[in-house]
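So the sequence shown is numbered by the numbering used here: it starts at -13 and just counts up by one. The structure under discussion appears below in the form of structure tokens.
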Amino acid sequence: MSYERIDLKNYNLDTFCRDLKELNIVLNEKQLCQFMQYYELLIEWNQVINLTAITEFDEVLKKHFIDSLTLAKVYDLKETSLIDIGTGAGFPGIPLKIAFPNLQVTLMDSLGKRVDFLNKVIHVLGLDGIEAIHGRAEDYAKPDLLREKYDLCVSRAVANLASLSEYCLPYVKTGGMFIAYKSEKITEEMKNAEYAINLLGGEVKEQIGFTLPHSELHRNLFVVIKKKETPMKYPRKAGIVTKKPLLDRKNN
């Protein structure tokens, strides 16, 4: 099985291409085939392991593929090393890799079966410069592993922003960025997370709100700049990051 066997005539891609145009993204036939093969694999494997509750074709394209690609609104993705923490079924990392082949991408997830799926997608789509790692963010953020190796860390994982920042910022080089995808406006959550972000060497840049193209689906990208190295004691051990987020106790 390979992307070359996908017949694009079998798919209605009018809305998808229109959405891509709004993001100023142009895909060639090979890339469109890769997206369709990705969709087919997602639906096939979802029958065996829980990858997504969204399975209807147009919804996958809008809520997973296009949503993942909205990063292009705020970041120049032409030449970047990127790590996707808690990637799940590969969002946003795989759509970004398909659309921007020059990216160097690491996908990280704590569930082995999901990583098996990611490796299958990488193989079938013929993607180079991308790897899937089975592990927890706390375990790989060590100097002899992946600590501060990336220009950009992204995550669509569902977590409190203070906790998510502790998972993600240790992977970002000084001068790089951490960008969190959020489906809702997180003004209060962002305010509460500023203490953690500063402690971890980051600085809040902006929160960008928008709707997905040709929809009423609201999304937000939360952008943090890495200003200095993250202290070595972060991230803390597994379990503590989520249970006890880094909050300014004087204000909480």
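C-beta atoms are modelled at their ideal positions from N, C-alpha and C, and glycine is treated no differently. The structure presented is a predicted model; accordingly, all values stated were derived computationally and were not measured.
- In the same chain as P78, and ignoring 5 residues on each side of it, the C-beta atoms closer than 7 Å to its own belong to S54, L57, D70, V140, R142, Y167, in chain order.
- Look at G195 here: in three-state DSSP terms it is strand.
- Where S151 is concerned, the enclosing alpha helix (DSSP H) starts and stops at 147 to 154.
- A straight line joining the alpha-carbon of R133 with that of K214 spans about 13 Å.
- Secondary structure at A118: strand, using DSSP grouped into helix, strand and coil.
- Secondary structure at F86: coil, using DSSP grouped into helix, strand and coil.
- Pairing Y25 with F43 gives a Cβ-Cβ distance under 8 Å.
- Contact between P156 and A182 is ruled out by a C-beta separation of about 12 Å, above the 8 Å threshold.
- Taking each of I165, E45, L185, L233 in turn and checking the Cα distance to N206, the smallest one comes out for I165.
- Looking from the CA of M218, the closest CA among K229, Y153, N88 belongs to Y153.
- In this structure, A75 sits near F103, with a CB-CB distance shorter than 8 Å.
- Scanning the segment 174 to 232 from its first residue to its last, the whole beta strand (DSSP E) runs of 3-plus residues come out as 188 to 197, 204 to 212.
- Boundaries cannot be given for A127, as no beta strand (DSSP E) includes it and DSSP labels it neither H nor E.
- Close CB contacts of F21 within its chain, under the 7 Å cut and outside five residues either way in sequence, are with F51, I84 (chain order).
- Going by DSSP, K159 is part of the beta strand (DSSP E) stretching over 158 to 168.
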